Amino acid sequence: MKKRKLGKTGWSISEIGYGGWGIGRTWWGATDDRESLAALRAAWDAGVNFYDTAYVYGDGHSEELMGRALKGKKAVIATKIPPKNQGWPADPATQAREAFPPEWITACTERSLKKLDREVIDLTQFHVWTDAWLADDGWKEAVSRLKASGKIRAFGVSINDHQPDSALKLVASGLVDTVQVIFNIFDQAPTEKLFPLCRKHKVGVIVRVPFDEGGLTGTLTKETRFEKGDFRAQYFRGDNLAKTVDRVENLKKFLGKDTRTVADLALKFTLSFDAVSTVIPGMRSARHVAANTKAAGRRLPAKTLGALKKHAWDRNFYGWWDD
Ligand SMILES: NC(=O)c1ccc[n+]([C@@H]2O[C@H](COP(=O)([O-])OP(=O)(O)OC[C@H]3O[C@@H](n4cnc5c(N)ncnc54)[C@H](OP(=O)(O)O)[C@@H]3O)[C@@H](O)[C@H]2O)c1
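Letter by letter, the sequence shown follows residues 38 to 360 of the numbering used here.
Put into structure tokens, the structure is as follows:
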């Protein structure tokens with residue numbers, strides 16, 4: 038498994054990381070814990086040493102599974118603190134102390150440490166962020182105290198869906214070790230300002246949603262129906278699914294002997310950018326782990342990247358919860 042540096046932490050992390058939302062058993066329909074644990078173990082065996090989770094992925098369920106599967110292993114685990122005011126996405130009109138008051142940051146850290154069954158959290162991320170909160174001292178002092186006491190090793194934020202420029206001031210401030218951002222063939226906006234700035238300030242970049250919630254795996258059809266409890270029935274609502282399938286059809290001309298599937302193309306696309314530290318596909322099965330870990334160490338030729346620019350697609354399917 039090829040490794041990259043996670044910004045100024047200096048940690049060597051696997052190019053393919055593990056996205057832990059789906060295994061939390063909420064939002065993604067029926068999910069079998071035994072299969073999730075097998076997928077986590079398969080990931081470790083394939084050389085994946087970076088794992089992303091969050092308390093809200095099943096009220097700690099995803100964290101618990103990771104803690105169990107990775108017990109005693111030198112994995113780098115990143116989790117997230119939810120906003121206390123339940124403001125998703127972060128609203129610049131709110132105050133930092135409404136979403137991340139110091140005592141909340143500390144209490145959530147303790148809660149996640151228990152769920153993960155670990156002494157220290159490698160990377161703690163605020164689950165939402167707006168640069169409007171940069172001047173507030175409360176969260177900064179809480180994060181500094183947690184670092185000084187050895188409860189967390191590094192700190193970052195997860196950037197609002199499709200708003201890569203909403204954390205530029207934070208990146209330039211030197212206050213974060215990492216940012217997590219949506220980046221895929223459809224949403225290429227982070228290449229414009231965020232990526233160059235992260236490289237300049239040595240901020241690690243964790244790429245989330247590389248498959249556009251499954252669209253960019255090439256396995257969805259216009260007939261696909263999502264089971265009860267799978268949020269993607271909303272994400273791909275109305276004609277969103279048909280439009281996605283048509284767009285993905287146009288990507289098939291990029292497939293060949295080196296890149297056989299759309300999923301492989303989607304992962305290699307993200308890894309073709311130097312600013313990217315790791316990409317964290319969601320994968321609940323060992324089969325998907327085996328397929329996805331093969332993309333490590335591979336980049337797309339510059340000509341293909343140039344041609345893929347035309348396939349960017351500016352839209353926000355999360356709209357029903359972001360509105
Ligand atoms: N606000 C935030 O901070 C935030 C928001 C969203 C996501 N995230 C993080 O980013 C991670 C990735 O995003 P995501 O999981 O939402 O979406 P994603 O990675 O874009 O897509 C996941 C979907 O792709 C499927 N898949 C994976 N590998 C495949 C393959 N080789 N062939 C066919 N299908 C494949 C998965 O199936 P199975 O699951 O059935 O294997 C799942 O349905 C999350 O797990 C989470 O850690 C963070």
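Every residue gets a Cβ at the ideal spot worked out from N, C-alpha and C, and that includes glycine. All figures in this text were calculated on a predicted structure; none of them were measured in a lab.
The three-state reading of DSSP puts residue 196 in coil, since its state is none of H, G, I, E or B.
Within 6 Å of the C-beta of residue 325 there is at least one heavy atom belonging to ligand 1. For residue 336, the CB stays at least 6 Å from every heavy atom of ligand 1. Relative to residue 228, the option among 199, 213, 212 whose CA is nearest is 199. The shortest CA-to-CA distance from residue 317 to any of 260, 353, 279, 249 is the one to 249.
The alpha-carbon of residue 264 is positioned some 16 Å away from that of residue 321.
If you compare the alpha carbons of 307, 193, 105 with that of residue 118, the shortest gap goes to 193.
Spatial neighbours of residue 43 in its own chain (CB-CB distance under 6 Å, excluding positions within 5 residues in sequence) are listed in chain order as 50, 241, 314.
Contact between the stretch 114-132 and the stretch 140-147 is established, with three or more Cβ pairs separated by less than 8 Å.
Close CB contacts of residue 178 within its chain, under the 7 Å cut and outside five residues either way in sequence, are with 139 (chain order). With contact defined as three or more Cβ pairs closer than 8 Å, the stretch 78-88 and the stretch 325-338 are in contact. Our two residues, residue 356 and residue 183, have alpha carbons roughly 34 Å apart in a direct line. With a contact defined as Cβ atoms closer than 8 Å, residue 92 and residue 148 qualify at about 7 Å. Less than 7 Å separates the beta-carbon of residue 309 from that of residue 336.
With at least 16 other beta carbons inside 10 angstroms of its own, residue 126 counts as buried. Here the alpha carbon of residue 259 sits roughly 19 Å from the alpha carbon of residue 353. For residue 115, the uninterrupted beta strand (DSSP E) segment begins and ends at 113-118.
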